[in-house]
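Here the sequence shown is numbered in my numbering, starting from 691 and rising by one per residue. Glycine included, each C-beta is placed from N, C-alpha and C at the ideal position.
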Amino acid sequence: MNERNTLVAAQLGCEVGAIANSLVFECDGEPLLVMASGAARVDTGVVAGHLGATEIRKADPKLVRNATGQVIGGVAPAGHPEPLRTVVDQTLASYPVIWTAAGTADSVMPLTYTQLLTLTGGVALPVR
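Pasting the structure below:
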């Protein structure tokens, strides 16, 4: 759990776990968006195992910008130049409303878990 998530959750009046962090990774050479609960860190080994991937590592800022058209800290779950392969943290399903970045570092939007899955075309998986 990080300080920014704690602050945002307090401002929104929600649990930290209801914050959906948009994290971009490089998965076998391709961008991968992981929508992860703000309550915990992503275990790339777990995600790689579920995806049958050889290597997953955090994307550098250039890859994030090229893949999403947005900067780290404000990556929205959709609206990218090309659709991204997306994993949605299963633990987010326990929250009636999920808050995710809306394209800038200081904007968020509310979604349900089903809306997030539909919007991203993502697959629901455990990420830790």
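Does the segment 781–788 come close enough to the segment 723–739 to have 3 or more Cβ pairs within less than 8 Å? Touching, per the Cβ criterion.
Do you know how far the Cα of residue 741 is from the Cα of residue 718? Computed Cα separation, rounded: 10 Å.
Name the residue from 735, 762, 789, 813 whose alpha carbon lies nearest to the alpha carbon of residue 703. Of 735, 762, 789, 813, the residue nearest in Cα terms is 789.
Tell me, which residues are paired with residue 746 by DSSP? In the DSSP output, where bridge partners are listed per residue, residue 746 has 717.
Straight-line gap, residue 816 to residue 803 (C-alpha atoms, nearest Å): Going from the Cα of residue 816 to the Cα of residue 803 covers about 14 Å.
Three-way DSSP call (helix, strand, coil) for residue 774 in this model: Here residue 774 sits in coil by DSSP.
Own chain residues within Cβ distance below 8 Å of residue 751, not counting five before or after: These residues qualify, in order along the chain: 761, 762.
So, at 6 Å on beta carbons, what are the nonlocal neighbours of residue 711 in its own chain, with the 5 sequence-adjacent residues on each side left out? Cβ within range, chain order: 726, 728.
For residue 709 and residue 700, believed in contact at Cβ under 8 Å, the rounded distance: By a beta-carbon distance limit of 8 Å, residue 700 does not contact residue 709. Their separation comes to about 11 Å.
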